[in-house]
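Numbering (the UniProt record's numbering), first residue to last: 1 to 498.
Data block below; observations after.
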Ligand code: NAD
């Protein structure tokens, strides 16, 4: 049997493009190559951008009402068929079906937010700023926008951006992760079914070659990127040098601060859920528990107990945690357990060699727990992006906050306490973009905006919410005078209002 090849999606249908390069797409629970994906060339990006540019000419002038109808149609279809999307996602990413469904639901939230674009994109009008003169400001679309997304949320992260981009009148070229690319084509087909004109939403698959072509293309007005910090920085620097508006969200190392008065059962549940959900491959995963003395020992026991009950296996079979995305990534993550031991940490639970409800060749690594991690160890400093939860012990709230604020990232953090005053202080003290109070994964709802601080974001605009609307529009201010025939004649002075 020949391996299927996933095409790009350009001008409303599959397009094989010109490149002969392809990359493997795995079924990570089976450990086999399920399909190949085309790795697009600069010429393929050129074609998609030209198609989008042509489509933008009419889509950008299509009434808000008609654009809104397409978004509502997409929302209905996606809601009806979300399980189908979740199943595709699980087969390529590996996260369990319930988690995949949750990802789709959070993407759907942004679609619903974008359905309100007539209200969100309203301008402002000032009547009579001078005699017979009015000023109004309007929000116009940018043109062709590029979206470059990571493997860990192949449905949700594109949906952080494209519903808002499309609703505001832009045309899109999406370059999804080459590791789990199929959901992008599935969403493209659904947008078409919802009535989106061909060419408004295009998908070019690929790697650095396709990304670079998007970042430097004259006809691309803006780039929305989500991925690791080094690539986010590169994307930001390259695309801004080429005159584009850029929002580039990067990596993370999220800490959970546990105060001695916290409900330790809630903390243990939350640490396990947020540490091992999606096998730790979440930018908002909790990867470090900061235990303020004396809670460490009791908390470790509670966490270890819960970890022992997790079922690891094929996400299609009702397990708690699936495989990692590739064999290489699994091996890299597992390697941190050796580093932990070498650096003097205590490996409390070692997830290597676990019994798995699935194929032996799947990319498995069981949940792992490392206590007393030195903050100089790469186990602490690196974004591991896998099911390895670190515990660092501190003697006070102040020491914990200092640790959290001293790191390079600032994506998410959480405090667990029953002291409202301490929680409020933490909310102000944390130099982090998203803060949870007794909530381990504080991903804001769609009508707020998502984004970290420091090395977790490059650019001025966060994703979705009001900042998403700002990002995908540019304001035009119009000053108009109607029409008193007694205009003032020649006056070379700077215009003043009277
Ligand atoms: P990645 O940086 O390897 O890839 C992201 C995208 O960039 C992909 O589309 C990939 O094809 C492309 N890319 C990779 N290398 C490139 C290069 N050298 N030049 C140009 N483009 C390149 O990230 P990933 O492994 O797919 O995703 C995991 C990372 O994403 C983690 O660091 C995670 O924290 C981060 N992430 C962040 C957020 C957030 O909101 N801050 C959300 C999800 C994921």
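Quick reminder that beta carbons are idealized off the backbone N, C-alpha and C, glycines included.
For residue 82, the secondary structure class from DSSP, reduced to helix, strand or coil, is helix.
Around the beta carbon of residue 163, 16 or more other beta carbons sit within 10 angstroms, so the residue counts as buried.
In the DSSP annotation of this structure, residue 467 is not part of any beta strand (DSSP E); the continuous alpha helix (DSSP H) holding it starts and ends at 465-471.
Two segments are said to touch when three or more pairs of C-beta atoms, one from each, lie closer than 8 angstroms; by this definition the stretch 295-308 does not touch the stretch 402-415.
Of the heavy atoms belonging to the ligand NAD, at least one sits nearer than 7 angstroms to the Cβ of residue 208. Rounded to the nearest whole angstrom, the C-alpha separation of residue 12 and residue 313 is 37 angstroms.
Under the criterion of beta carbons closer than 8 angstroms, residue 471 and residue 245 qualify as touching, at roughly 7 angstroms. As computed with DSSP, residue 255 is found in a beta bridge with 288 and 413. Non-local C-beta neighbours of residue 87 in its own chain, meaning closer than 8 angstroms and more than five positions away in sequence, comprise 97, 100 and 316, ordered along the chain. Assignment of residue 242 by DSSP, reduced to helix, strand and coil, places it in the coil class. Under a 10 Å Cβ-count criterion, residue 178 is classified as buried, with 16 or more other Cβ atoms of the shown protein chains found around its own Cβ. Of the candidates 18, 382 and 184, the residue whose Cα lies closest to the Cα of residue 85 is 184.
In this structure, residue 115 has its CB at a distance of at least 7 angstroms from all heavy atoms of the ligand NAD. In the DSSP assignment, residue 395 falls outside any alpha helix (DSSP H), carrying neither H nor E. Between residue 49 and residue 37, the CB-CB gap reaches or exceeds 8 angstroms. With fewer than 16 neighbouring CB atoms inside 10 Å of its own CB, residue 355 falls in the exposed class.
About 5 angstroms separates the beta carbons of residue 286 and residue 256, which is inside the 8 angstroms limit, making them a contact pair.
Put simply, of 456, 494, 443 and 457 the residue whose alpha carbon is nearest the alpha carbon of residue 102 is 443. Contact between the stretch 192-210 and the stretch 158-177 is present: 3 or more CB-CB pairs across the two stretches fall below 8 angstroms. By the Cβ criterion, the stretch 213-222 is in contact with the stretch 133-150, since at least three pairs of Cβ atoms, one from each stretch, lie closer than 8 angstroms.
For residue 379, same chain residues with a beta-carbon under 8 angstroms away, outside a window of 5 residues either side, are 336, 339, 340, 343, 345, 370, 373, 388 and 390 in chain order. In the three-state DSSP reduction, residue 334 falls in the helix class (H, G or I). The way I'd put it, the stretch 234-252 does touch the stretch 454-467; three or more beta-carbon pairs between them come closer than 8 angstroms. Counting C-beta atoms within 10 angstroms of its own C-beta, residue 44 has 16 or more neighbours from the protein chains shown and is therefore classed as buried. For residue 175, the enclosing beta strand (DSSP E) stretches over residues 171-175.
Residue environment for residue 58: exposed (fewer than 16 other C-beta atoms within 10 angstroms of its C-beta). Here residue 63 is exposed, its C-beta having fewer than 16 other C-beta atoms within 10 Å. By the neighbour-count criterion, in which a residue is buried when 16 or more other Cβ atoms sit within 10 angstroms of its Cβ, residue 253 is buried. By the neighbour-count criterion, in which 16 or more other beta carbons inside 10 Å mark a residue as buried, residue 490 falls on the exposed side. With a 10 Å radius around the Cβ and a threshold of 16 neighbouring Cβ atoms, residue 32 comes out exposed. Contact between residue 34 and residue 91 holds, with the beta-carbon distance rounding to 7 angstroms and staying under 8 angstroms. Shown here, residue 125 sits in a strand according to DSSP, grouped into three states. Under the 8 angstroms Cβ criterion, the stretch 184-197 counts as touching the stretch 150-162, having at least three qualifying pairs.
A distance criterion of 7 angstroms places the beta-carbon of residue 234 in contact range of the ligand NAD, judged by its closest non-hydrogen atom. The beta carbons of residue 194 and residue 77 sit about 6 angstroms from each other, so the pair counts as a contact at 8 angstroms. Taking all protein chains in view, the Cβ of residue 479 is surrounded by fewer than 16 other Cβ atoms within 10 Å, so the residue is classified as exposed.
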